[in-house]
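Printed below as a string of structure tokens:
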């Protein structure tokens, strides 16, 4: 074979052992030669024919391969050029593709020698290294690290990383079709959108906001009041606050991708939706009102200019301000609605005007006074005497206010509140992580330098007071400076037109004022809707999602623009903006406070995800910045500061109450975990004491929604007091996806019913081993269950003997572990899965979902899942969940086979991110009241349940009036039998109940003495009771009818000794009762039968009966005999709770 033919993919003389496969999407027998004889390649494209990656190789690699092939020209080798069926050729003009396989001949004679095999293998290895070096992912199931695999799961699900099941389970195969590998899904969504760099997007916007009207109208007055030195201190103080805030903001903005929303996005993702939502709303409102304030400032400057020429529109006052203001803001609205690109161009034009105005002021100071009038008005030019006089402060009283350093800083500080202008349009920046820190910090540096320079110029060239009388300039006199403060109309202290006076060309200062006001208004008009749109998208507040819709390539919030326009026009027409200005400044400062606190809190909580690339921040500096912001808020106006705090708190509480369905990984969550961990660790060092005893309950409920009454009863004991764990045992193994589904269902049920508990799911060979694992592994440290609560096993007479033994052995194991044991029995049982439609409706939703091929799933998985649903192999989800729950409960041990569990896990995954959330979202947004049973419980298909059933389901959650709890404290188990009913009596729903205590008397002759002793004991325990009764003749023989009843219970379990000798005993015989066993415990049996008679006499009309659980003695009492005792005591009784403490005191009369 020639050198060329070894690389061609088309017409050549084929050897006998070469065959050709034509892809079905090309013409048969059509061959086109590819003129790349010296290039080995494999081209990867997606289903649309777009290139994924370039797998061509450099010339050196190809030359090496050619030399190796020339040495083996006559040797047959294995060569193949694979093409993915959905990946066409790189050559767009090629209309056909062929695939050729060359295989070694079966005859050994065709081989050169025995060493050929080794050389062929070397050749194959070399070809592999060269040809597939960039396509390694096709030789393994593993995924290489790529950006797309780490994208937000809510935006695009990564389709490249295989699931753990696919990697770990060899029976799962199939890779899903995916997007182009180099495609950025989020960038694709913004294709064609106009994005800003750090200069246009951040630097210019921040400069325009910081260089506000204050620069031209108030800076000279600040110098007159504070002097040059304190003026420097004042400006540097504001710079420290803004600079520290910027450092904090830089840390947050470089800790991951920043999307649209600016300040709101950063605070909400750092501190959570409560703080973020409150700040986002008031920050949007502040920007909207600030827009009106800036427009009014422009209008007043315009009126001053018109008045200087004797012109006016109507009255030269308020009406003119309204007319000019409405026209101005309408023009600004048109600019921003047209697009951000035009708004950016307008900002550049305004910046140029501002720079020219500042330059005009500096040049004018160098030129000096241009007339005697300017000199008479206080503009002397650079003068050392003036500089010395203006060096120190001269605070004066104006408009009834005696100014000092703090009052002046309160007036000046709003000039520094423009540092968030760039961050607020974070969604329109090319790279917010780099642009925000860089642009903001440079803007602060430039603006601070400008303010300091202008303070120096004003202090060195203009006097504090001047009378403006030109006649006082005769003979070089400075008499024009000798005027009484308050009577002068010119100078730093008296005139706001000093900057214009110093400038070389006065009208340019007017232009600068106009540009400063318009640029600030434009920035506010853009910021408010952008922040508000991001807030609306997250749906933190009701009725605002309508404003989330965006338009155009840049997703412009046009509806938000209109809303901001309406608010601004309303405030322009109302007027009185001077009263609102301090509130606006405080709203901005509140945002600064939370930005600083966000950085401090993140550094304090130290979550692993806190890894900002911006390193020039300090957590304590951020905390100081936060405190400084609060201090400045109160300096500006303590009244508006309080209003701000009240507004933030109110909005915080609204979000906290609504509990929005968001999970942003906030530092609040991280701090919660940290606090919990520290508390648990500290708890380990706390010595246990009887006064601090808490009933921590492990309740064997299965899925909580199958036995809601059992869970409600357990929660009544633990609510706001201790730990509650709902245990669920699955026989055999189940997939993690199915386990996650059960976990999600349990959590949803807890949330819906307001139960604060945990759900523990374990796999076990059987119920006994699974429960043993639960008892041993549940909890952590001192937060471990100390009570095992089970449901009574109603079917103990008919179930398999093995199941009965397991139920009995669980009690033994609990007592072996020093756990207290409680068993609850209800007249109609605990399993409500037959009457509730929670599971069946969920199953219907799951099965009704159109089944589609999910990422990382093969078509075989899809077909098998469909077949399992259609053929009913696993039954309905309702029956499956019911069986699982029953198997995990104590009332039924008829487990289903492990294969059935696996079949269920093949159903559509209810928690798949691409599947509709069947239960969680609807429940989270449910507005039904927690105490409405009709909303909590539905029958199959969502039908309403009868009132009688609802009453039974809510018997432990609804309010009970005049309830009676009978406590049969038979034996001293440490006091738990008495403590649990006392806890129930303290609950709001059982507060008015009466506690009746029954105890056994030792001797009938000493009955009165023992009753007084028991009453004294109860009073020392500080337990209120309504009645105390001692049972004197418990050893009396029971009635014949009672004995007959008991014998009927155990007749199927009793065997004679001759039928079951010691020689032929088997393990199964443990589930039977021998006559010897009956005789050994005859007295004990009689006592329990006598107690049955007393119970029917005393407690038939009670609402709850609590009795000490008979002790299941090892190797003495068999399971059926023990269950017969419990059956005798509790049959035909009201709700019945058996309790056995672990013989450790849980009550004390010591203080």
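Residue numbers (our numbering): 1 to 1151.
Glycine included, C-beta positions come from ideal geometry on N, C-alpha and C.
Length of the line joining the Cα atoms of residue i and residue j
i, j, result
"residue 1140", "residue 672", "36 Å"
"residue 648", "residue 591", "10 Å"
"residue 628", "residue 539", "32 Å"
"residue 1050", "residue 742", "38 Å"
"residue 943", "residue 703", "21 Å"
"residue 972", "residue 995", "18 Å"
"residue 443", "residue 205", "9 Å"
"residue 1146", "residue 717", "14 Å"
"residue 363", "residue 457", "11 Å"
"residue 980", "residue 696", "11 Å"
"residue 660", "residue 597", "22 Å"
"residue 1022", "residue 1151", "11 Å"
"residue 967", "residue 1107", "6 Å"
Three-state class that DSSP yields for residue i in the structure shown
i, result
"residue 601", "helix"
"residue 696", "coil"
"residue 1143", "coil"
"residue 237", "helix"
"residue 532", "helix"
"residue 380", "coil"
"residue 791", "strand"
"residue 731", "strand"
"residue 280", "helix"
"residue 297", "helix"
Identity of the residues DSSP links to residue i by a beta bridge
i, result
"residue 1074", "1055"
"residue 1107", "968, 1138"
"residue 556", "551"
"residue 994", "964"
"residue 397", "402"
"residue 490", "466"
"residue 759", "726"
"residue 1029", "998"
"residue 252", "In the DSSP output, where bridge partners are listed per residue, residue 252 has none listed."
"residue 780", "783"
Buried or exposed (CB count within 10 angstroms, at least 16 for buried), residue i
i, result
"residue 1006", "exposed"
"residue 1130", "buried"
"residue 1149", "exposed"
"residue 347", "buried"
"residue 781", "exposed"
"residue 1152", "Residue 1152 lies beyond the residue range present for the chain, which begins at 1 and ends at 1151; the question has no answer from this structure."
"residue 1136", "buried"
"residue 500", "buried"
"residue 1080", "exposed"
"residue 42", "The predicted model places residue 42 with a pLDDT of 39, which falls under 50 and marks its position as unreliable; any figure quoted below should be read in that light. Counting Cβ neighbours within 10 Å, residue 42 comes out buried, since at least 16 surround it."
"residue 490", "buried"
"residue 352", "exposed"
"residue 753", "buried"
"residue 528", "buried"
Opening and closing residue of the beta strand (DSSP E) in which residue i lies
i, result
"residue 434", "Counting along the chain, residue 434 falls outside any beta strand (DSSP E), though it belongs to the alpha helix (DSSP H) covering 432 to 461."
"residue 712", "Where residue 712 is concerned, there is no enclosing beta strand (DSSP E), although the alpha helix (DSSP H) it sits in stretches over 708 to 718."
"residue 820", "820 to 825"
First and last residue of the uninterrupted alpha helix (DSSP H) at residue i
i, result
"residue 349", "340 to 367"
"residue 689", "From DSSP, residue 689 is part of no alpha helix (DSSP H); its letter is neither H nor E."
"residue 161", "First-last for residue 161: undefined, no H or E at that position."
"residue 1047", "1040 to 1050"
"residue 746", "736 to 753"
"residue 1118", "It is not in any alpha helix (DSSP H) - residue 1118 carries neither H nor E in the DSSP assignment."
"residue 664", "From DSSP, residue 664 is part of no alpha helix (DSSP H); its letter is neither H nor E."
Proximity test, residue i beta-carbon vs the ligand FAD heavy atom, cut-off 8 Å
i, result
"residue 1020", "In terms of ligand content, the structure shown is empty, and the ligand FAD therefore cannot be addressed."
Cβ of residue i within 9 Å of any chain B Cβ
i, result
"residue 458", "Of the chains in the structure shown, none is chain B; there is only one protein chain."
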